[in-house]
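Numbering (our numbering), first residue to last: 236 to 817.
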């Protein structure tokens with residue numbers, strides 16, 4: 236990418252607000268001066284939005300209060316004018332019923348913050364699960380140059396000398412407590428030790444997955460996605476993001492000049508190699524459709540990649556030992572991409588003006604047990620698999636690398652629950668008629684039914700079985716699960732049961748067959764019985780009758796389509812014009 240400016244100061248988008256000699260621009264300039272700014276702050280300089288998802292209630296983004304100052308420093312160093320624009324924080328640990336309910340709201344907010352203000356480029360500060368796709372989706376629709384600044388993972392947890400991993404060890408020790416093997420005092424010690432610094436989950440959960448995907452797409456600076464939040468390198472990276480976005484504005488390096496379908500194919504391949512969160516499918520499909528019809532990907536692309544790209548990141552929960560801090564010390568994302576470069580389109584452009592191949596050419600692996608070679612993978616295939624059949628004609632997803640091998644081909648009796656409270660009450664009943672070979676089914680937990688497709692898919696093992704030492708069984712739902720989760724969980728069944736999808740027709744006692752190698756998910760009833768049940772199905776009452784939830788329910792797409800709002804997708808209608816200024 237040439238360093239010569241492609242934009243002149245007069246062609247900056249912000250010049251529409253500040254340059255004209257008219258009354259409206261007088262108002263823009265005088266109000267900017269009310270902020271303590273002067274013409275020397277904006278004349279001939281790109282105005283850069285810093286879309287910051289910091290809030291008091293989001294521990295993943297605690298450091299953003301300081302990092303935004305580092306970004307501003309970089310923007311000023313490069314001759315730009317920084318403006319911080321706060322956005323929804325979507326704190327994964329606190330927002331209920333699910334932050335997924337609000338991902339598209341963050342995308343809308345991001346798009347309109349950029350479009351409605353005098354913004355030439357943007358730095359997107361995110362990391363906590365839904366913030367990465369929400370910010371990127373909105374910025375793609377806005378169309379200005381942007382850099383994504385990942386929050387970075389927290390440092391590893393610790394309890395009594397044992398390393399703790401986000402989420403994964405929460406589920407593990409909760410089962411131990413339910414089995415009576417650890418005390419309440421010990422449980423409180425685990426609570427205090429599992430998340431001990433700012434930053435996102437340090438397992439290969441949804442946050443780490445989506446930050447890595449952003450880098451694979453070429454939307455971050457090289458190596459940015461795996462720097463721990465508490466590391467001083469994260470501070471320097473933040474300032475570098477500020478400097479780079481100013482250069483990108485002059486270069487007119489918009490997302491349409493960076494992203495192609497091959498960029499998204501790269502992201503899928505990297506996701507497979509990472510042993511990614513199942514949530515990657517929903518988010519990346521939505522992001523690709525925001526980039527335009529020519530970039531759009533589908534579940535079939537993920538499944539095809541899963542069959543040929545091995546898992547080489549030995550990070551929990553697919554791995555058994557290492558965490559994201561170890562991944563960073565081992566070489567981080569550039570090293571992983573270097574090791575798997577045969578599966579990448581290395582000619583793809585990135586936001587630093589160089590190709591993927593140029594960015595990873597000199598990357599080195601410093602621990603080949605953390606970042607494996609293609610010849611010594613953690614799993615030869617199987618990061619994700621897409622199942623189809625009469626239970627999920629539009630697809631369901633499983634993470635074979637995180638479940639017991641015996642469940643990859645299995646037939647079991649269905650035990651069906653229509654709500655999470657019903658399921659929770661049942662699994663805590665030690666008289667529940669259940670065995671480890673049964674299949675727990677939870678419905679009405681999808682995009683509309685949840686509502687918001689909560690992370691309920693890792694259904695708890697019934698207490699009766701936990702006390703027998705059972706730690707995995709097949710669980711089937713139309714919901715999602717945390718990327719830090721593990722087990723034989725079949726998720727995202729589409730179409731969802733709440734709108735009459737096949738999962739709504741399952742009865743306790745039915746036999747369900749799962750065949751992961753052949754990508755099959757089948758309810759063992761006759762076509763006649765299936766049709767009879769379908770004819771008898773009655774829709775449930777609406778979840779919302781007013782407000783944002785009502786709009787969500789009217790416009791949310793299904794899981795296989797990315798769960799975007801139909802009217803936000805690029806293919807929905809003509810591009811939005813620049814705002815009128817009078």
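Glycine residues also receive a C-beta, built at the ideal position from the N, C-alpha and C atoms.
Under 8 Å: do the region 674-686 and the region 724-731 share three or more Cβ pairs, one atom per stretch? yes
Whole angstroms are fine: how far does the CA of residue 717 sit from the CA of residue 748? Straight across, the Cα-Cα distance linking residue 748 with residue 717 is about 24 Å.
Let me check one thing: in DSSP terms, what residues is residue 748 bridge-paired to? The partner list for residue 748 (beta bridge, DSSP) reads 646, 757.
Alpha carbons only, please: which of 248, 387, 775 is nearest the one belonging to residue 685? Residue 685 has its Cα closest to that of 775, out of 248, 387, 775.
Determine the contact status of residue 755 and residue 623, defining contact as a CB-CB distance below 9 Å. Cβ atoms of residue 755 and residue 623: closer than 9 Å.
For residue 709, which of 449, 350, 634 has the nearest alpha-carbon? 634
According to DSSP, residues forming a beta bridge with residue 800: Looking at the DSSP output, residue 800 sits in a beta bridge with 791.
Measure the Cβ-Cβ separation of residue 332 and residue 361 and say whether it is below 9 Å. In this structure, residue 332 lies away from residue 361, with their beta-carbon atoms at least 9 Å apart.
Go ahead and label residue 810 buried or exposed: buried means 16 or more other beta carbons lie within 10 angstroms of its beta carbon, across all protein chains shown. exposed
Residue 599 in three-state terms, based on DSSP: coil
Is there contact here, the region 525-534 with the region 473-485, by at least three beta-carbon pairs under 8 Å? No contact exists between the region 525-534 and the region 473-485.
Sheet register partners of residue 313 (DSSP bridge): Looking at the DSSP assignment, residue 313 forms no beta bridge with any residue, so it has no partner.
Nearest by alpha-carbon distance to residue 711: which of 691, 702, 700, 698 is it? 691
Using the beta-carbon count (16 or more within 10 Å), is residue 237 buried or exposed? Any reading at residue 237 needs caution, since the residue's pLDDT is 48, under 50, leaving its predicted position unreliable; the model's value is listed next. When all chains shown are included, residue 237 counts as exposed.
Short check: CB of residue 452 to CB of residue 395, under 9 Å? Not in contact: residue 452 and residue 395 (Cβ atoms no closer than 9 Å).
Give me, in chain order, the residues of the same chain whose beta-carbon lies closer than 7 Å to that of residue 323; leave out the 5 immediate sequence neighbours on both sides. 288, 337, 340, 341, 344
Complete beta strand (DSSP E) runs within the region 253-330 (minimum length 3 residues, chain order): 282-287, 316-321
Fully enclosed by the region 623-674, which beta strand (DSSP E) runs are 3 residues long or longer? 627-633, 644-652
Take the Cβ of residue 270 as the centre, count every other Cβ of all protein chains shown within 10 Å, and call the residue buried at 16 or more, exposed below. exposed
Of all the alpha helix (DSSP H) runs that stay within the bounds of the region 333-420, which reach a length of 4 or more residues? 338-351, 366-377, 403-413
Which residue marks the beginning of the alpha helix (DSSP H) containing residue 715, and which one marks its end? Neither: residue 715 is in no alpha helix (DSSP H) and is coded neither H nor E.
I'd like to confirm the pairing. Which residues does DSSP put opposite residue 621 in its beta bridges? 632
Counting C-beta neighbours from all protein chains within 10 Å, is the total for residue 562 16 or more, i.e. buried, or is it exposed? Label assigned to residue 562: buried.
Stretch pair the region 594-604 + the region 492-500: three plus CB contacts closer than 8 Å: The region 594-604 makes no contact with the region 492-500, as fewer than three CB pairs between them are under 8 Å.
By DSSP's criteria, residue 548 is part of a beta bridge. Which residues make up the other side? 606
Quick check on DSSP: helix, strand or coil for residue 614? strand
Close beta carbons around residue 642, own chain, < 6 Å, minus the five adjacent residues each side: 709, 723
Alpha carbon to alpha carbon, how far is residue 618 from residue 545? 8 Å
Since residue 725 sits in a beta bridge, which residues does DSSP pair it with? 711
Quick check on the DSSP output: what are the complete alpha helix (DSSP H) runs of length 4 or more inside the region 549-579, in order along the chain? 559-564, 567-574
Residue 517 vs residue 688 beta-carbon contact at 9 Å: In terms of Cβ geometry, residue 517 and residue 688 form a close pair [threshold 9 Å].
As an exercise, report each continuous beta strand (DSSP E) stretch of at least 3 residues that is fully enclosed by the region 461-505, in chain order. none
So does the region 244-261 actually touch the region 285-299, counting three or more Cβ pairs closer than 8 Å? no
Residue 540 to residue 279 span [Cα, whole Å]: Using only the alpha carbons, I get a separation of about 46 Å.
Between the region 375-384 and the region 485-495, can you find at least three pairs of beta-carbon atoms closer than 8 Å? Yes: at least three Cβ pairs fall under 8 Å.
Limits of the unbroken alpha helix (DSSP H) element including residue 441: 441-452
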